[in-house]
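So this note's numbering is basically just the index in the sequence shown, starting at one, shifted up by 445.
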Amino acid sequence: MSDIPPPRPRPVVWVPIAVAVVVAITVAGILIRDSAAVNDAELSFLHDLSARHSAWLTPLALVINTGFGPIGAVIVSLIVAVAVGVSGGGPWPAARFALLVVVPWLVVDVVKAVVSRPRPDSGVLVEQIIREPLSASYPSGHTGFAAALGMALVWTVLSRTRRTTPVVVVTVVAAALALVTAWSRMHLGVHHPTDVTASILLVPVVSTAVFAVYERAVAKRGLRAPNGSGETPS
Numbered sequence: 446m447s448d449i450p451p452p453r454p455r456p457v458v459w460v461p462i463a464v465a466v467v468v469a470i471t472v473a474g475i476l477i478r479d480s481a482a483v484n485d486a487e488l489s490f491l492h493d494l495s496a497r498h499s500a501w502l503t504p505l506a507l508v509i510n511t512g513f514g515p516i517g518a519v520i521v522s523l524i525v526a527v528a529v530g531v532s533g534g535g536p537w538p539a540a541r542f543a544l545l546v547v548v549p550w551l552v553v554d555v556v557k558a559v560v561s562r563p564r565p566d567s568g569v570l571v572e573q574i575i576r577e578p579l580s581a582s583y584p585s586g587h588t589g590f591a592a593a594l595g596m597a598l599v600w601t602v603l604s605r606t607r608r609t610t611p612v613v614v615v616t617v618v619a620a621a622l623a624l625v626t627a628w629s630r631m632h633l634g635v636h637h638p639t640d641v642t643a644s645i646l647l648v649p650v651v652s653t654a655v656f657a658v659y660e661r662a663v664a665k666r667g668l669r670a671p672n673g674s675g676e677t678p679s
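Here it is, written out as structure tokens:
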């Protein structure tokens, strides 16, 4: 396979795109929140899904519920950010990784507060596995974190190597991480399908904008490594 060119997203392009996507996702959330037809269809889907719980899928969903919750997500982010720095990237790639996780995740929380969509009615579930969370439903915070973590890993690998295989592998892992987390939130009955979809659509765009702004800021301060991405590629 041919090498992948270095990533060079431009802030002037991606920041407006990210703003537009955030606005669109927010408006869509408000419309979905107020649509009885959409809510009824999604609750029907969650009812059917809760009737198909299995002995081995539920533990996985519970692990994700804890591991990607507010406290678990902070711990996971810190561990991976430190690993990025220790593995040869240094403080700047570690800081970039942290920002790539935190900023999109915070944007998800802001949209969640604005839309303020109620959680799925637990009364429609065949089996309620966990207590209904107190926070709003749209977009999904767990799914947003998983997507942000995956995108941060993709950008980190892209900044370290031009080889196709590791980039493809980490991209597949990142996609799987987001999709499995999205499924787990619906499996537990704490999110509607559109909640997790919104996070999956929103986070990659915001992540790209954050990467573009960070790389431009680093370049202007002369902190860039010879490869032009803050790290030395293999």
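Ideal placement from N, C-alpha and C gives every residue a C-beta, glycine not left out.
Asp566 is a Cβ neighbour of Leu488, given a cutoff of 8 Å.
Within its own chain, the residues whose Cβ lies closer than 8 Å to the Cβ of Ala620, once the five positions on either side in sequence are excluded, are Gly595, listed in chain order.
For Leu545, the three-state secondary structure derived from DSSP is helix.
Taking a C-beta distance under 8 Å as the contact criterion, Ala627 and Ser582 do not qualify as a contact pair.
In this structure, Leu624 keeps its C-beta atom at 8 Å or more from the C-beta atom of Ala593.
In this structure, the straight-line span from the alpha carbon of Ala500 to that of Gln573 is close to 14 Å.
Proximity of the stretch 526-540 to the stretch 608-619 falls short of the contact definition, fewer than three beta-carbon pairs being nearer than 8 Å. Its chain contains Arg564, Ser567 as the residues whose beta carbon lies nearer than 6 Å to that of Glu577, once the 5 sequence neighbours on both sides are disregarded; these appear in chain order. A check of alpha carbon separations from Val464 across Glu660, Val648, Val663 identifies Val648 as the nearest. A Cβ-Cβ distance of about 4 Å is found for the pair Ser629 and Ile509, placing them in contact under the 8 Å criterion. Within the stretch 563-614, the complete alpha helix (DSSP H) segments at least 4 residues long are 586-605, listed from N- to C-terminus. Looking at the backbone, the Cα of Ala528 and that of Ala540 are separated by about 11 Å.
For Ala506, the CB contacts under 7 Å within the same chain, skipping 5 residues up- and downstream, are Ser629, His632, Leu633 in chain order. Within the stretch 464-542, the complete alpha helix (DSSP H) segments of 4 residues or longer fall at 481-495, 502-512, 515-529, listed in chain order. By the Cβ-count criterion, Ala597 is buried, with 16 or more other Cβ atoms from all chains shown falling within 10 Å of its own Cβ. Taking each of Val531, Ala543, Val613, Pro450 in turn and checking the Cα distance to Val655, the smallest one comes out for Ala543. Around Arg455, the same chain offers Ala657 as residues with beta carbons nearer than 7 Å, after the five sequence neighbours per side are excluded. Thr642 and Val525 have their C-alpha atoms spaced approximately 25 Å apart. Straight-line measurement puts the Cα of Asp640 at about 10 Å from the Cα of Arg478. Measuring C-alpha to C-alpha distances from Val617 to each of Arg605, Val599, Ser604, Leu603 identifies Val599 as the nearest. Note on Val472: under 16 other CB atoms within 10 angstroms of its CB, so exposed under the neighbour-count rule.
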